[in-house]
Amino acid sequence: MRRSRTIPDIRHTSVGYLSPTLAFSATMTSIDPANNHEDDDTRSSPTFGLVIGINEYQTYDHLEGAVADADAFSRFLVETLGTNESHIINLRDKAATKAAITSAFESLTSHPKINNGDAIIIYFSGHGARAPVPADWDGWASNDSKIEMICPVDIGATASTDVNPISGIPDRTIGVWLNQLSKEKGDNITLVLDCCHSAGASRDQTEPAFVARRIINAPPISLCDRKIWSDNAEMVNARGATVATGFAGQNEESHILLAACGRDEIAWEDPRTKRGLFTTALLNALAECEIHDTTYLSLIQSIQIPSGPGQVPHCYGRHSNRRLFNKRATRSHQTFISGYKKSDGTIILNAGKTHGIHSSSQLAIYVANVESSEVNLPIGYLVVNGTSPTISTLVTHDDALSFEIPPYFYAKEIQDGQEMIIRVHCAEREALELNLLSTARLSSFAAAGIVFVDSANSADVCISIQDTQIVFHRVSGVSTSLESWQFRSIAAGDAENFLRVLRAAARFKHHLESTSSSTPNEHQIVMEFHKLQGHWSEDYHWILNPIGPNLIDDNLIDIVVEESAMFGVTIHNNTEFPLYPYLLYFDDSDFGIQAWYVPSFGMVSRTGIRPDSPLPAHSKFTIGYGDGGALPWAFYLRKGEDKDVGFLKLYVTDSPSDFSSILQSSPFDEMEPRQYSESARGSLNPSDVCITKTITVQQRREGTASFALQAKPLERSTSNSRSIMFFLLMLFLLYFPKSTIFSLAAFAFYGIRL
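Numbering (this note's numbering), first residue to last: 43 to 796.
Pasting the structure below:
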């Protein structure tokens, strides 16, 4: 996939939303340089850890379960992952000072025995805090004007060399550390945070025994943190760090974040068990899963917080579809769709009409989302009995064997959706059939959803045979001068890849053209596309900001491709509802569909508690700059190309959905992995809203004239408008059977509409 070119010098500097990190023991154990990786040959990557746990704060309320949680997590690293004890830095209570935590991060970054790609797991259990953004933080982008921090044991104490109290460690500082660590040691980094930052009550009213892991009215940020940012200005620029806020708005390229709860929720501990609810549930889930065949998304889905106050664990990070602690293993497969069973027994699939799911579709059910014929076999089969734009209900098939449906599961369609057909024009059709039908073991191309048409104007894909190659030409829906361009070819006798390309083209066309028009009015969702420009802030921080006008004009963007040009998106929510945006890019040159932004994956409780909404009512959300956590976008043209076309498609829902099943890598480049896959759980609600907006992006070299381009491809609504039209025509004929002229005219009009 070629559109999401990584911008080497622009990335997010700060850690986004706070989640559990590794707890340190009462004494700090250094990593033994004499130990090499030979004792780790049973694992795909050697593992190193930083584990921090704090109960006895010097100036704030004590906790009772944070140290026990850290001890349990450290045991998991040693006993389950086989981590050498000398590879773990443990800090507990009085040893977990701000200076010691800073030193621990530095030791991970500089240690010569940690190789690029080794697994680094950082765990923190203790208090978190939230504070207003300091007035002198130039360029700090925050939707709620807050920063988040983890609290060392000496927060609030006064150092002998400073009259000001010691502050917490802000998200911005941890972001710099993680960017440094990722630059030196790779992005196989997992950050786990069992703390919170909400300003709610300290004890739950329904369960008074539960205690919150957070501090209210934390001291202001100290000058030492500003020194960390300025000292690492060169690294920040090299990493392309942009400004973000909160641990969830961090550079999502550098690590995976597992958070105990959402931004406005509370992480609880139970003094009766002297353990945190999140860490207990996390370790239980890790004990029950196959570590090397479980992805981060599968893990967060399987975490079940004990009954009590509402708390939804979250998973953040662009690589959350990786297997746990392993960047080298295969990822989750895009054809898996997440689902869950509600407490009343209703079975929910997190995909609906917008995703191409239809009533009576049959699905195989799996425990995990890893493609493996040996490990992840289907446990049973279900059928769709009802769909909405973003979710579906499933039932058991009449003829299927009964099986136990897990609380959370994955599903895969046994066959492609009935509407995913592709219309093909080929002047050499007979030669094509002669070369490919027998090899493909098909009775006809129609059996594979391929329909040949006589006119190129009515085709979705045009094919020609040139010497020993089958050449594919532009998709007709774009309606531009590019239609006559050939863009890819395969060997004439390659039936397998021929079918793969046309199936990908059918899915591309289906998802690009599908719309779901439901309330609220789509004009209440405003999308802007801006060029970005970087500059240095007063504290030596590299900031990206939008410049110039909104480049979207009548759903069309005209871009002159420049080598260093970067772009970002701003989405405005003018409704009364919290919303979930999903921004995908459809690359018309290779049928690839990739995600620019999808929200974090949060475990939805079976009672309906949802993950954080990135786009609250009457707010805006930035993508590619600010606190959105996504990289800026760039465009480039292949050698020999002067212009090209792609599409940005924005999906906006009022409940979490799973759009990973829409994504697809280019069929012309099987070796390139999917850019991003992230799931989110939803619940069946009466107001299942899904709004779509498609923006055409035409790209051209400087000096090349703008080309005629329809603002966006024809869109097929998921409504029943055609059926309604047909029903009205039948009523007309029933009451006016002798009106032959009117009848013929009506059917002619109906045929044109089809």
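Ideal Cβ positions, reconstructed from N, Cα and C, are used throughout, including at glycine.
The three-state reading of DSSP puts Ala537 in helix, counting H, G and I together.
Note: Ala173 is bridge-paired with Ile189 in the DSSP secondary-structure output. A distance below 8 Å separates the beta carbons of Pro420 and Ile407. Checking the DSSP bridge columns, you'll see Val234 partnered with Tyr165, Leu300.
Taking a C-beta distance under 8 Å as the contact criterion, Pro620 and Ser655 qualify as a contact pair. A distance below 6 Å between beta-carbons, with the five flanking residues on each side excluded, links Ala161 to the following residues of its chain, in chain order: Ser87, Thr89, Asn230, Phe367. The alpha-carbon of Gln343 is positioned some 12 Å away from that of Leu328.
In the assembly as shown, Ile456 is an exposed residue. Its beta-carbon has fewer than 16 other beta-carbons within 10 Å. Around the beta carbon of Phe166, 16 or more other beta carbons sit within 10 angstroms, so the residue counts as buried. Residue pairing from DSSP places His467 in a beta bridge opposite Cys504.
Here Gly610 is actually not in contact with His577; their C-beta atoms are around 15 Å apart, not less than 8 Å. For Ser362, there is no enclosing beta strand (DSSP E), since its DSSP letter is neither H nor E. Residue pairing from DSSP leaves Cys331 without any beta-bridge partner.
Its Cα nearest to that of Gly590, the residue Glu570 stands out among Thr510, Asp596, Glu605, Glu570.
Here Tyr102 carries a coil assignment [DSSP, helix/strand/coil]. Around the beta carbon of Ser444, fewer than 16 other beta carbons lie within 10 angstroms, which makes this residue exposed. Taking a C-beta distance under 8 Å as the contact criterion, Ser500 and Phe514 do not qualify as a contact pair. Ser661 sits in a strand when the DSSP states are folded into three classes. Going by DSSP, Gly217 is part of the alpha helix (DSSP H) stretching over 213-227. The C-alpha of Asp595 is placed about 20 Å away from the C-alpha of Asn616. In the structure shown, Asp111 adopts helical secondary structure according to DSSP, grouped into three states.
For Leu478 and Gly387, the gap between their C-alpha atoms comes out near 47 Å. Note on geometry: alpha-carbon atoms of Lys227 and Gly217 lie some 15 Å from one another. When DSSP states are grouped into helix, strand and coil, Asn597 belongs to the coil group. Straight-line spacing of the CA atoms in Lys225 and Met191 works out to 22 Å.
With distances taken between CA atoms, Ala489 lies nearest to Arg545 out of Ile505, Arg545, Gln511, Cys504. Cys357 has its alpha-carbon roughly 23 Å from the corresponding atom of Asp113.
For Glu148, the uninterrupted alpha helix (DSSP H) run begins and ends at 140-152, by DSSP. Scanning Gln741, Phe540, Thr139, Val694 for the CA closest to the CA of Pro431 turns up Val694.
Looking from the CA of Gly535, the closest CA among Glu475, Lys662, Asp496 belongs to Glu475. Contact between Leu593 and Phe689 is ruled out by a C-beta separation of about 15 Å, above the 8 Å threshold. Assignment of Ile342 by DSSP, reduced to helix, strand and coil, places it in the helix class. For the pair Arg742 and Lys681, the Cα-to-Cα distance works out to about 12 Å.
Excluding five sequence positions before and after Arg465, the CB atoms of its chain that fall closer than 6 Å to its own CB belong to Val493, Val495, Ala501, Asp502, given in chain order. For a cut-off of 8 Å, the C-beta gap from Ala301 to Pro212 is around 16 Å, too long to register as a contact.
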